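To keep things clear, I will list the structure first and then write my remarks on it.
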Amino acid sequence: MKLRRLVAVCAALALVAGLPATAATAAPSSTMSTGFERYVALGDSYTSAPFVPLADLLSLGCARSYSNYPKLLAGALGVHRFTDVSCGGADTTNMTQPQSTILGTAAPQFDALTPDTDLVTLGIGGNDFGVFGDIIGTCPGLGASDPTGAPCKAHFTVDGVDTLKAKIAQTQTRIAIVVQGIRARSPQATIVLVGYPKIAPEHGTCPSILPFADGDYAYLYSIEQALNAAVSGAAEAGGATYVDTFGPSTGHDACAPDGQAWIQGKDINLLRALNYHPRFEGEAGMAALTYKTLTGAQPVVTAAEQATWAARARTLAKQAAASPQAALSPKALEASLNRVRTSAQR
């Protein structure tokens, strides 16, 4: 099958598996307009959504999905022109600089911005200074040395200073500069910074899914809180809108039961998500929360929405398994994405 036809099939399947629940249940409750026409999505792999069915085969280097939150949001808003340049592994420098990917070089994401762009979403920050990679790449390996303690927290605390949180403080400045850059290139745009949903639960453990020492669950949780505070602070400083996905994802962390979890655990699932990344349910939740924030509705997730997304995720997984994408070698795909995991990039 020719690549163009293959992509068309994937796109059609993705449209069938759209986000009717989000659009239907997130009806506007204020006078805020939903008349966005030209939408550009920027971000890292929490935005691009690697392995969330169905894959955008023209963006394999960036691992974008046809079911990521920007595409779901664009459909719900009914925008006339939509450009998604999110890319797995991106950090704030890749807004203005090219990004090397496993399959080539991605252009600076800011290249997609135009003076008439009227909506920009940005999901960035986790990869800056290697914070996400450091904690995901280091903590599981330290857990065996002190399973009931907090060896990862001890590892990253030097002379009483939490080195990861110090890096996150610098990341906030970088994100604020990105917001300024968006404003300069697209002065009429509504700028929305989308936060990161919970990986770890606030209480409890699930070592078979998140192989952290017991005490490091709280540490991971605190790092996630700090990162979201940095994103929120940068949004406030730049006059942008912040979408909180951390609070509303309570009960949907990686330890949550199947059908409730937004985040994949330690194992890659070729039909669901890259490890430690959002599943379809997480992308749908992020889209719904962004939609509701933009339209003035209460930014909460209902049980009915969650049930709809879980059912949709099952359908997408079946479609992906039966689609022409299944002809691609799973081993080859996993080997390539393992390089992303090994470098622990978002």
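Heads up: the sequence shown begins at -7 in my numbering, then just goes up one per residue. C-beta: ideal position from N, C-alpha, C; glycine also. Nothing here was measured: the structure is a model prediction, and the numbers come from that model.
Taking Ile260 as reference, the option from Ile201, Phe28, Ala192 with the minimal CA-CA separation is Ile201. Taking a C-beta distance under 8 Å as the contact criterion, Pro189 and Met278 qualify as a contact pair. Shown here, Tyr211 sits in a helix according to DSSP, grouped into three states. In the DSSP assignment, Ser40 falls within the unbroken alpha helix (DSSP H) covering 37 to 40. Judged by DSSP in its simplified three-state form, Gln252 adopts coil rather than helix or strand. Under the three-state reduction of DSSP output, Ala265 falls in the strand class. For the pair Leu219 and Tyr211, the Cα-to-Cα distance works out to about 12 Å. C-alpha of Gly274 to C-alpha of Ser137: approximately 32 Å in a straight line. C-alpha of Glu297 to C-alpha of Thr237: approximately 15 Å in a straight line. Note that the C-beta distance between Ile116 and Val170 is below 8 Å. By the beta-carbon neighbour count (other beta carbons within 10 angstroms, threshold 16), Val44 is buried.
Bridge partners of Phe74 according to DSSP: Tyr31. Judged by beta-carbon spacing, Arg175 lies beyond the 8 Å limit of Asp110, meaning their Cβ atoms are not closer than that value. Per DSSP, Leu64 is one residue of the alpha helix (DSSP H) stretching across 61 to 69. For Ala303, the closest of Phe204, Arg264, Gly243, Cys79 by C-alpha to C-alpha distance is Arg264. Taking Pro291 as the centre and dropping the five residues before and after it, the same chain places the C-beta of Leu281, Lys284, Thr285 closer than 6 Å to its C-beta, in chain order. With respect to the C-alpha of Thr113, the residue from Glu216, Thr75, Asp208 having the closest C-alpha is Thr75. By the neighbour-count criterion, in which 16 or more other beta carbons inside 10 Å mark a residue as buried, Asp120 falls on the buried side. In the structure shown, Ser224 falls within a helical segment according to DSSP collapsed to helix, strand and coil. Asn86 and Pro100 have their C-alpha atoms spaced approximately 6 Å apart.
Three or more Cβ pairs closer than 8 Å define a contact, and the stretch 230 to 245 falls short of that threshold against the stretch 140 to 153.
If you check the CB distance, Ala295 and Ala226 do not come in under 8 Å. Following the DSSP letters along the chain, one finds Ile201 in no alpha helix (DSSP H), marked with neither H nor E. DSSP places Pro240 in the coil class of the three-state scheme, outside both helix and strand. One Cα belongs to Leu95, the other to Asn267, and the distance between them is close to 20 Å.
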